[in-house]
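Residue numbers (my numbering), protein chains in the order written: chain U, 159 to 401; chain X, 159 to 401.
This is the structure:
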């Protein structure tokens, strides 16, 4: 078999305005836990954000994801109970002062958001050998994560809030959703229109952790080499405020 | 400690044009393996795409990533050799017909791209207990993946190509980059301006795998429930061509 050269993109360029819009979605995206409004998401909007997820990169073009949509109040209640159990366990893992703050954090909007969505990864979808996954078995999970991030940014551009809930006993979650053994729930998302988006990530605003200065996270050619003599321009550009 | 309510975003809305630009970056993003031009990426452009990565969501606001920039020809050569070894092993894993096609696939641009970048995850950065990672230890790796996807989309909007290479013996890669035990190389990226972007993913164009119809990937409330009687509008919207 001969591989033919594929066609090129004709609409190649982004204007400055288009480029800035991409950055706007990246900077204004928030992990939304509250502020959900009950308004349903119109089918065309929901279809667009699901298609954005489906156009994520995937290892070996595997597209290992499914989209499990949850609107049923009983199902949500069951999932919320699984969250509550895990969240109690989580709170006890912190020392008493941190644990006290932890218990005040709002970490999910399972019941309030009009739509929950599970983005899964079928580990067996493409057989045992997948291009690009031969040496890192997690690459298919990472593909599903890229789908989530696409969905998250698309949703923000649509004015729709998304929160990723990860505090579950995975076995209980799989059982509640009847997922087969080979299917992993990669992200449990709460989705809906919101009253507002916060200006800063909530954990940052709550003083839990600060944003790290990005210029401190750069090294060159090998770990620990932060000699930036030849990269002064880059470090200077990184040190400028982002927005 | 009392948690104060953080400020809201004032610049809340996206125009249709801004929204469409976000989708444009999602649809035109490609995994680039060839077509790299040697032109260096200006500091301000590189700083913007690194900052986009740094504004990814992260579990417990952990920001577990570092950005290891590789321009040194000797280092690239060493990494390329590690790829070649792994790629030979990979080719042997396929049956003879698939193996023959596999060997024709161009899967990386390590030497040709002007910049390689490793996005890492420091598993120990925030101590043993992290908000949101108590029940899924992979959440910090997933945060680094979100950073990669942000970078990928930002780069596309800047006209910069990015390819993710995952065919490495991880131990050899860590050793070559002198990564400490706690630091995982999540994504090895080849970055640079390109002659053109392909209209379709290369594996799709090569006939390796087709894009799955997204409407077949939806289920409701539990796995296997594809009864869409109440969701006909969504399925119809999903079935329309994406672009």
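Backbone N, C-alpha and C fix where the C-beta goes; we use that ideal spot for every residue, glycine too.
Note that the structure is predicted; figures quoted are calculated from it, not measured.
Could you tell me whether the Cβ of residue i comes closer than 8 Å to any Cβ of chain X?
i: residue 213(U); result: yes
i: residue 333(U); result: no
i: residue 228(U); result: yes
i: residue 239(U); result: no
i: residue 317(U); result: yes
i: residue 254(U); result: no
i: residue 328(U); result: yes
i: residue 279(U); result: no
i: residue 179(U); result: yes
i: residue 312(U); result: yes
i: residue 290(U); result: yes
i: residue 190(U); result: no
i: residue 202(U); result: yes
Say whether chain U places a C-beta atom closer than 8 Å to the C-beta of residue i.
i: residue 235(X); result: no
i: residue 324(X); result: yes
i: residue 198(X); result: no
i: residue 358(X); result: yes
i: residue 194(X); result: no
i: residue 210(X); result: yes
i: residue 351(X); result: no
i: residue 176(X); result: yes
i: residue 367(X); result: yes
i: residue 242(X); result: no
i: residue 270(X); result: no
i: residue 396(X); result: yes
i: residue 339(X); result: no
i: residue 155(X); result: Residue 155(X) lies beyond the stretch modelled for chain X, which goes from 159 to 401, so this question has no answer here.
i: residue 295(X); result: no
i: residue 218(X); result: yes
i: residue 273(X); result: no
i: residue 348(X); result: no
Would you tell me roughly how many angstroms separate the C-alpha atoms of residue i and residue j, rounded to the nearest one?
i: residue 334(U); j: residue 226(U); result: 12 Å
i: residue 394(U); j: residue 378(U); result: 15 Å
i: residue 349(X); j: residue 186(X); result: 16 Å
i: residue 368(U); j: residue 360(U); result: 11 Å
i: residue 196(U); j: residue 229(U); result: 11 Å
i: residue 180(X); j: residue 179(U); result: 6 Å
i: residue 183(X); j: residue 391(X); result: 26 Å
i: residue 245(U); j: residue 257(X); result: 47 Å
i: residue 174(X); j: residue 208(U); result: 18 Å
i: residue 298(X); j: residue 217(X); result: 6 Å
i: residue 387(U); j: residue 313(X); result: 25 Å
i: residue 141(X); j: residue 239(X); result: The displayed coordinates of chain X run from 159 to 401. Any statement about residue 141(X) would go beyond what the structure contains.
i: residue 198(X); j: residue 389(U); result: 12 Å
i: residue 366(X); j: residue 259(X); result: 9 Å
i: residue 205(U); j: residue 176(X); result: 18 Å
i: residue 241(X); j: residue 267(X); result: 11 Å
i: residue 164(U); j: residue 370(U); result: 42 Å
i: residue 249(X); j: residue 190(U); result: 44 Å
i: residue 382(X); j: residue 341(U); result: 12 Å
i: residue 332(U); j: residue 326(X); result: 32 Å
i: residue 352(U); j: residue 362(U); result: 20 Å
i: residue 384(X); j: residue 315(X); result: 36 Å
i: residue 262(U); j: residue 284(X); result: 20 Å
i: residue 398(U); j: residue 203(U); result: 35 Å
i: residue 200(X); j: residue 210(X); result: 16 Å
How many whole angstroms separate the CB atoms of residue i and residue j, which I take to be in contact at a CB cut-off of 8 Å?
i: residue 277(U); j: residue 254(U); result: With 8 Å as the limit, residue 277(U) and residue 254(U) do not qualify as a contact, their Cβ atoms being about 36 Å apart.
i: residue 344(X); j: residue 279(X); result: 5 Å
i: residue 270(X); j: residue 172(X); result: Going by Cβ atoms, the distance from residue 270(X) to residue 172(X) rounds to 36 Å, so no, they are not a contact pair.
i: residue 347(X); j: residue 274(X); result: 7 Å
i: residue 287(U); j: residue 252(X); result: 6 Å
i: residue 224(U); j: residue 375(X); result: 5 Å
i: residue 295(U); j: residue 192(U); result: Actually they are not in contact, since the Cβ atoms of residue 295(U) and residue 192(U) sit about 36 Å apart, beyond 8 Å.
i: residue 322(U); j: residue 222(X); result: Contact doesn't hold; Cβ gap of about 15 Å is too wide.
i: residue 355(X); j: residue 307(U); result: At roughly 20 Å, the Cβ-Cβ gap does not stay under 8 Å, so residue 355(X) and residue 307(U) are not in contact.
i: residue 292(X); j: residue 247(U); result: 7 Å
By DSSP's criteria, residue i is part of a beta bridge. Which residues make up the other side?
i: residue 293(X); result: Residue 293(X) is not bridged to any residue.
i: residue 185(X); result: BP columns for residue 185(X) are empty, so no partner.
i: residue 356(X); result: 166(U)
i: residue 350(U); result: 319(U)
i: residue 342(U); result: 279(U)
i: residue 378(X); result: 227(U)
i: residue 172(U); result: Partner(s): none; residue 172(U) has no beta bridge.
i: residue 194(U); result: 352(U)
Do residue i and the ligand NAP come close, with the Cβ less than 7 Å from some heavy atom?
i: residue 398(X); result: With respect to the ligand NAP, the structure shown offers nothing to examine, as it has no ligands at all.
In chain order, each beta strand (DSSP E) run of at least 3 residues that lies wholly inside the region 263-290 of chain U:
Considered as a whole, the region 263-290 of chain U harbours 273-280 as its complete beta strand (DSSP E) runs of no fewer than 3 residues, in chain order.
Note down, one range per segment and in chain order, each beta strand (DSSP E) of at least 3 residues found wholly within the region 299-331 of chain U.
You should have 318-323.
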